Amino acid sequence: MSEQVEHEADGAIDRGGYDFNAMQAKWRPVWEKLDPFKARDDGSAERRYALTMFSYPSGDLHMGHGEVFALHDVLSRFWFQQGYDVMNPIGWDSFGLPAENAAIKRNEHPATYTYANIETQAESIRRYALSFDWSRRLHTSDPEYYRWTQFLFLRFFERGLAYRKASYVNWCPNDQTVLANEQVVQGRCERCGFEVTKRELTQWYFKITDYAQRLLDDMELLKWPEEILLQQRNWIGRSEGAFASFEVEGRDVPIKVFTTRPDTLFGATFLVVAPDAKLADELVTPDQRTAFDEYLRAVKASTEIERLSTDREKTGVFLGSYATNPVTGERIPIWAADYVLADYGTGAIMAVPGQDSRDWEFAEKFGLPIVRTVQPEEGFDGKAYTGEGPAINSANAEISLDGLGVTEAKAKISDWLQDKGLGERTINFRLRDWLLSRQRYWGAPIPIIHCPVDGEVPVPDDQLPVELPDLRGAALSPRGVSPLASARDWVEVACPKCGGPAERDTDTMDTFVDSSWYFLRYTSPEYTDGPFDRAAADRWMPTYQYVGGKEHAVLHLLYARFFTKALHDMGMLDAVEPFARLMNQGQVINEGKSMSKSLGNGVNLGDQLDEFGVDAIRLTMVFAGPPDDDIDWADLSPGGSLRFLQRAWRLSGSVESPVGADVSTGDVALRKLTHRTVADATELIESYRFNVMVARVMELVNATRKAIDSGPGAADPAVREAAETVAILLSLVAPYTAEDMWENLGHEPTVAKAGWPKVDPALLVQDSVTAVVQIAGKVKERLEVSPDITDAELEKLALASEAVQAALDGRGIRKVIARAPKLVNIVPA
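For the sequence shown, UniProt numbering gives the first residue as 1, with consecutive numbering after it.
This is how it looks when you write it as structure tokens:
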């Protein structure tokens, strides 16, 4: 047993000349001087835009960064090796609440905290040897950047896509700011975890609902995980149905109710209105006002998740008003109940307790009529029937649905309603407009001036950016309105239109606005005539590959898609989708749980890099499993990764053939494995199976070491070819080690641009393959056979095997299934 194997066997790390600290100190300044990853953008090669999700500068890099950056870098470096012109930019999503909250605690300006953390992260990213193009670096909190965020807001405003309205909004009492629907997770603020309440405010919105159908349709253009596409489809929530008009006693305007089941209209025995919808306030009669106001106060204290819970006891209050069912002519009561939401349809539903479980529970509790309109299946003994069946109790003097199936009944009643002027076919969406106002300081100010004469007046483009006033410490404390409101010298301005006294809007924009277009700014970060150079954006967009967390499925990803489509419609961009391909990474956990200081299972990335080196940590992240799987750090071995890298690195010092040696004279078996490894690696990387690619490299390292130690020897050109291939493939994962190997092998830096090894198809032809023989599903024999063997020949060979005959032990054979050249399945009698 060699000294190397002995050390590996006892678990020790014997670096044997492999010094990762020395390598890191040696190669980083070389790469920074060579700047090998700067996009050429000169038309000399096919372009590929590699993008990883924006980093937020909250302290140094953590284990999650370590994973996503390592995975992203495999793809980026792979494309560099293949000769593509790759753009792989870096920047920071540097506005936001964490910096503001930290600044309040420290009595400093948010910029102080933000930019210090950016520099800390930038240093760690450089140490981590990532293939970023640093010439395109940007920060969203730079006035040079948010000038253009404000510019784009104004273009949306001009087209009616940015508007202001009063409504009940999600309010985080901890962060003292409103939240978009997408930022409320199970009734809590997605950032701080506090329970969200409702509050009536006048706020700015983006009209994302105008793009609901296109956001659905254009998913056909995307190569994204189906899980993410499904989440977006569900969030957009397209439903086909009809509006039905219910006349209200004493009211000139009928209530329009959206329903996906117009066929059940004959069973609508009451209406339910969201208590926090304006409609409820309009419909409540004087004698019911006190009861309604008390109920509304209770509803405001509950979350949407609580309101929609199927386990929650139904509550409500009669509004004192009555409507007329348009198909039965019956007088039906109107109630307010919290299981209806103000922003769904018109804020009112027709209650059909016979066919809806929530309506049934409500009707039972308050003694309201129940009429079935769909015949339940035989043996059904439940309450509300939500299944398919023929229509019943669904006829009047002009129309009958009785006996029709659901689809036919829906079509017939929809046509009838439309002909009678009592309704119309329509499509509804669950998606609501994007609430973008924030009552906090550290964000891009909304570039609108409020004038008592001219109303909402845009800040002229030549006065952008509207820069933040210098507030810090206690002046930033959340108070239910924006801290900007206290900066009177900043707030009070002349109206750009009439010149009279006016005031700036004191809200800032949701930071998701900044990250909805940053990928476009990367294409021309120094451009001064607009947010991006149209020609550059059209050259690079859409992003070829996007890498990041699945937690942004209905936040950043949906918003960025909306922005891209809106800019396309404005004639600013050719692309209609921002990200052609998406790869999600899992979480890095420890001991089965998310890392947390309170749980005592936190792992510091910097400490791991100090102990094992950058390459070993990167390799561990990539080799742990498929990218979208969670990684449990407790189950991994960065020490094992370090030992492998040591073994691979030693190959480069063992090669004795000269650079440029004629590899055609080398050992054929090793050359075949080398070329098969390259061919497999190409396919595996393109299918995101990076961990399997690493396993193939490990196999090649072992075979090359065996060839050196046991023949054909270190001087064989096939050994050099294999070692060079290992260096190039390892450069995707372990760049310091790979660069040192490349130098040891007699080459100039950088291995990152060595070029992807060419595969000789002749060396991929297999002399034999292993055929598995199963008896009753259990493997009993393995045969080495020609790849060209026929089913009949393989069956004959399998039955002639002594091992197979022994396993059959005299039993007859009922069936033989041969699938040449890899499988024979024998079914005994």
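Note that the Cβ used here is the ideal one computed from N, Cα and C, for glycine as well.
The structure displayed is predicted, hence computed values, not measured ones.
Review point. Looking at the unbroken beta strand (DSSP E) that takes in Asn825, where does it start and where does it end?
Key: For Asn825, the enclosing beta strand (DSSP E) starts and ends at 823-828.
Check your understanding: Exposed or buried, which one is Ala25 when buried takes at least 16 other CB atoms within 10 Å?
Key -> Under this definition Ala25 is an exposed residue.
Check your understanding: Among residues of its own chain, excluding the 5 on either side of Phe20, which ones have a beta-carbon nearer than 6 Å to its beta-carbon?
Key -> Non-local C-beta neighbours of Phe20 in its own chain, meaning closer than 6 Å and more than five positions away in sequence, comprise Gly613, ordered along the chain.
Review point. What residues in its chain sit with their C-beta under 8 Å from that of Gly11, if we drop five residues either side in the sequence?
Key: At Gly11, the pLDDT of 38 sits below 50, so the modelled position is not reliable and the matter cannot be decided from this model.
Check your understanding: Nearest CA to the CA of Gly367: which residue from Glu123, Lys753, Gly379, Phe318?
Key -> Checked all of Glu123, Lys753, Gly379, Phe318; the closest Cα to Gly367 is Phe318.
Point to revise | Assigned secondary structure, Ile589 (DSSP; H/G/I helix, E/B strand, else coil) | key: Strand at Ile589.
Practice item. Please name the residue, chosen from Asn584, Pro821, Glu220, Ala351, that lies closest to Pro369 on a Cα-to-Cα basis. Key: Of all alpha-carbon atoms in Asn584, Pro821, Glu220, Ala351, the one lying nearest the alpha-carbon of Pro369 is that of Ala351.
Review point. Looking at C-beta atoms only, is the number of pairs between the segment 232-242 and the segment 475-483 that lie closer than 8 Å three or more?
Key: The segment 232-242 and the segment 475-483 do not touch, with fewer than 3 CB-CB distances between them shorter than 8 Å.
Review point. How big is the Cα-Cα spacing for Leu51 and Met87?
Key: So the two alpha carbons sit approximately 8 Å from each other.
Point to revise | Local Cβ density within 10 Å of Ser718, reported as buried at 16 or more and exposed below that | key: The sequence given here places Ala at residue 718; Ser does not occur at that position. Flag for Ala718 reads buried.
Review point. Would you report the Cα separation of Leu582 and Glu683, rounded to the nearest angstrom?
Key: Cα to Cα, Leu582 sits roughly 17 Å from Glu683.
Check your understanding: Grouping DSSP H, G and I as helix and E and B as strand, with all else coil, what is Met595?
Key -> Coil at Met595, not helix or strand.
Check your understanding: With a CB to CB cut of under 6 Å and the five nearest residues on each side skipped, what residues in its chain are close to Leu823?
Key -> The residues Val772, in chain order, have a CB closer than 6 Å to that of Leu823 in the same chain once the five nearest residues on each side in sequence are set aside.
**Study point:** Test: Ala323 CB closer than 9 Å to a CB of chain B
**Key:** Of the chains in the structure shown, none is chain B; there is only one protein chain.
Check your understanding: Should Phe243 and Glu398 be called a contact, given that it needs their Cβ atoms to be closer than 9 Å?
Key -> The answer is no: Cβ separation not under 9 Å.
Check your understanding: Does the Cβ-Cβ distance between Asn393 and Phe292 come in under 9 Å?
Key -> In this structure, Phe292 does not lie closer than 9 Å to Asn393 by Cβ.
Exercise for review: Check the DSSP bridge columns for Asp85 and list the partner residues they point to.
Suggested key: As computed with DSSP, Asp85 is found in a beta bridge with Arg47.
Review point. Roughly how many whole angstroms lie between the Cα atoms of Glu3 and Asp133?
Key: With a pLDDT of 34 at Glu3, under the threshold of 50, the predicted position of this residue should be treated as unreliable, and no value is reported.
**Study point:** Cβ-based burial, Phe512 [other Cβ within 10 Å; buried from 16]
**Key:** By the 10 Å Cβ count, Phe512 comes out buried.
Check your understanding: Assuming Glu784 contacts Val804 under a Cβ cut-off of 8 Å, what Cβ separation, rounded to an integer in Å, is found between them?
Key -> 15 Å between Cβ atoms; not a contact.
Point to revise | Which of helix, strand or coil DSSP assigns to Ser167 | key: If DSSP states are grouped into helix, strand and coil, Ser167 belongs with the strands.
Point to revise | Limits of the beta strand (DSSP E) - the one that Leu179 falls within | key: Annotation: the continuous beta strand (DSSP E) that includes Leu179 extends over 177-179.
Check your understanding: Hey, is the segment 738-749 in contact with the segment 794-801, meaning 3+ C-beta pairs nearer than 8 Å?
Key -> Segments in contact, no.
Review point. What is the rounded straight-line gap between the Cα of Pro286 and the Cα of Glu227?
Key: Spanning the two alpha carbons is a distance of roughly 50 Å.
Practice item. State the start and end residues of the unbroken alpha helix (DSSP H) segment that holds Asn21. Key: For Asn21, the enclosing alpha helix (DSSP H) stretches over residues 20-34.
Practice item. State the Cα-Cα distance for the pair Ser596 and Glu249, rounded to the nearest angstrom. Key: So the alpha carbons of these two residues sit roughly 59 Å apart.
Point to revise | Touching by the beta-carbon criterion (3+ pairs, under 8 Å), the segment 437-453 and the segment 499-507 | key: Two segments are said to touch when three or more pairs of C-beta atoms, one from each, lie closer than 8 Å; by this definition the segment 437-453 touches the segment 499-507.
Review point. In whole angstroms, what is the alpha-carbon distance linking Arg15 and Gly777?
Key: Low local confidence applies: a pLDDT of 45 at Arg15 is under 50, so the model's placement there is unreliable, and no value is given.
Review point. Where do the ends of the alpha helix (DSSP H) carrying Thr120 lie?
Key: For Thr120, the uninterrupted alpha helix (DSSP H) run begins and ends at 110-127, by DSSP.
**Study point:** Contacting residues, own chain, Cβ-Cβ under 7 Å from Arg331 (five flanking each side not counted)
**Key:** Annotation for Arg331: Tyr322, Thr324 place their beta carbon closer than 7 Å to its own, counting only its chain and skipping 5 residues before and after.
Check your understanding: Where does the unbroken alpha helix (DSSP H) through Ala502 begin, and where does it stop?
Key -> Taken as a continuous stretch (DSSP letters only), Ala502 belongs to no alpha helix (DSSP H), being part of the beta strand (DSSP E) at 501-504.
Review point. According to the neighbour-count rule (16 or more other Cβ atoms, all chains shown, within 10 Å of its Cβ), is Asp680 buried or exposed?
Key: The residue in question, Asp680, is buried, as its Cβ has 16 or more Cβ neighbours within 10 Å.
Review point. For Phe579, which of Asp569, Asp218, Asp607, Tyr546 has the nearest alpha-carbon?
Key: The shortest C-alpha separation from Phe579 is found at Tyr546.
Exercise for review: From the DSSP output, read off the bridge partner residues of Gln545.
Suggested key: Residue pairing from DSSP places Gln545 in a beta bridge opposite Ala50.
Check your understanding: Could you give the distance in angstroms between the alpha-carbon of residue 893 and the alpha-carbon of Leu642?
Key -> Absent from the structure is residue 893, since the part of the chain shown begins at 1 and ends at 829.
Review point. In the DSSP assignment, what are the bridge partners of Glu424?
Key: Note: Glu424 sits in a beta bridge opposite Phe243.
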